[in-house]
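Protein chains in written order, with the working numbering: chain A, 1 to 115; chain B, 1001 to 1114.
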Amino acid sequence: AQKVTQAQTEISVVEKEDVTLDCVYETRDTTYYLFWYKQPPSGELVFLIRRNSFDEQNEISGRYSWNFQKSTSSFNFTITASQVVDSAVYFCALTNTGANSKLTFGKGITLSVRP
Amino acid sequence: KAGVTQTPRYLIKTRGQQVTLSCSPISGHRSVSWYQQTPGQGLQFLFEYFSETQRNKGNFPGRFSGRQFSNSRSEMNVSTLELGDSALYLCASSSAGFSGNTIYFGEGSWLTVV
């Protein structure tokens, strides 16, 4: 069975602060994929990143960066210089491979960025 | 290109009725999956269809069903609605399923059961 834990439920920061959203996962598979999605109030899940289990390189995209560490089964997401538009719920998700694969989500982290 | 399109966006139904939700995946994508999102349970997998065949199913009662058409469009149906079925239903599409593919979501259908 696979599991994703997002221990933080709500985070509130002031604009321009850096913020890190934590994600810890469990899986018995050696090949798997990790995702981060952003969900604004409208409801749509906006894709942010996909990482496979064999690629431990950190990734940076603008103000966003991701740190993947297999040794600790973590895939953390950092927003640098946060902005009000970053306010949303952020989900970490995991999928395995094979016939019965599915996307398993964490509970999500509500990020509020105050001006 | 156009994203994942879900209709209707909002709907209100009465207990005992049935509802059908529609999802048009991104052009060229053959896998469609459905999720239920509620405040208490979070995001839960309902089922996945690929080339008109259901490949995987989550732990939901038989009242929840789906199908996929030859053009990859998908519908999900919930019969004998219960108050607890009130949720955001999200559809996702990918080119070939979960393995190594990016999974894109639609805006969802907000269902309220009264």
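Cβ atoms here follow ideal geometry from the backbone N, Cα and C, with glycine treated the same way.
Note down, in chain order, all residues in the stretch 1036–1048 of chain B with a beta-carbon under 7 Å from any beta-carbon belonging to chain A.
Taking 7 Å as the cut-off between beta carbons, the residues of the stretch 1036–1048 of chain B near chain A are Gly1042, Leu1043, Phe1045, Glu1048, in sequence order.
Say whether chain A places a C-beta atom closer than 9 Å to the C-beta of Ser1093 of chain B.
Taking Cβ atoms only, chain A never reaches closer than 9 Å to Ser1093 of chain B, which makes this a no.
Nearest-angstrom Cα distance between Gly1119 of chain B and Ser1070 of chain B?
Only positions 1001 to 1114 of chain B appear in this structure, which leaves residue 1119 of chain B out of reach.
What does the alpha-carbon distance come out to for the pair Ser1114 of chain B and Leu1090 of chain B?
Rather than Ser, the amino acid found at residue 1114 of chain B in this sequence is Val. Cα-Cα distance, rounded: 20 Å.
How far does the beta strand (DSSP E) with Ser87 of chain A in it reach, from first residue to last?
Premise fails: Ser87 of chain A is in no beta strand (DSSP E) and is neither H nor E.
Would you verify that the beta carbon of Glu59 of chain A is, or is not, closer than 9 Å to some beta carbon of chain B?
No, its Cβ sits nowhere closer than 9 Å to a Cβ of chain B.
So which residues on chain A does Tyr1104 of chain B lean against when the C-beta distance must stay under 7 Å?
Counting only Cβ-Cβ distances below 7 Å, Tyr1104 of chain B has contacts in chain A at Phe47, in chain order.
For Leu1083 of chain B, is the beta carbon positioned less than 8 Å from some heavy atom of the ligand FAD?
Inclusion of the ligand FAD in the displayed structure is not the case, the ligand content being empty and no account of it being possible.
If the criterion is Cβ atoms closer than 9 Å, does the pair Ile109 of chain A and Leu21 of chain A meet it?
It is a contact, given that the beta carbons lie within the stated cut-off.
At which residues does the beta strand (DSSP E) containing Arg50 of chain A begin and terminate?
From DSSP, the beta strand (DSSP E) with Arg50 of chain A extends over 46–52.
Comparing C-alpha positions only, which one of A:Trp66, A:Gln39, A:Leu45, A:Gly62 sits nearest to Arg51 of chain A?
It is A:Trp66.
I believe Val4 of chain A touches Gly106 of chain A by the beta-carbon criterion, under 8 Å. Please report the beta-carbon distance rounded to the nearest angstrom.
With a Cβ gap of about 4 Å, Val4 of chain A and Gly106 of chain A count as contacting.
If the cut-off is 9 Å on Cβ atoms, which residues from the stretch 27–51 of chain A count as contacting chain B, listed in chain order?
Residues passing the 9 Å Cβ filter: Thr31, Tyr33, Phe35, Tyr37, Gln39, Ser42, Gly43, Glu44, Leu45, Val46, Phe47, Arg50.
Would you say Leu1083 of chain B and Ser1109 of chain B are within 9 Å of each other, going by their C-beta atoms?
One thing to note: Leu1083 of chain B has its Cβ no nearer than 9 Å to the Cβ of Ser1109 of chain B.
Could you check where the beta strand (DSSP E) with Glu1048 of chain B kicks off and where it finishes?
Counting along the chain, the unbroken beta strand (DSSP E) around Glu1048 of chain B starts and ends at 1042–1050.
Going by other Cβ atoms of all chains shown within 10 Å of its Cβ, with 16 needed for buried, is Asp1085 of chain B buried or exposed?
Burial check for Asp1085 of chain B: the Cβ neighbour count within 10 Å reaches 16 or more, so the residue is buried.
When the Cα of Lys16 of chain A is compared with those of A:Ala93, A:Arg63, A:Gly98, A:Tyr32, which residue comes out closest?
Of A:Ala93, A:Arg63, A:Gly98, A:Tyr32, the residue nearest in Cα terms is A:Arg63.
By the three-class DSSP mapping on this structure, what secondary structure does Lys107 of chain A have?
Assignment of Lys107 of chain A by DSSP, reduced to helix, strand and coil, places it in the coil class.
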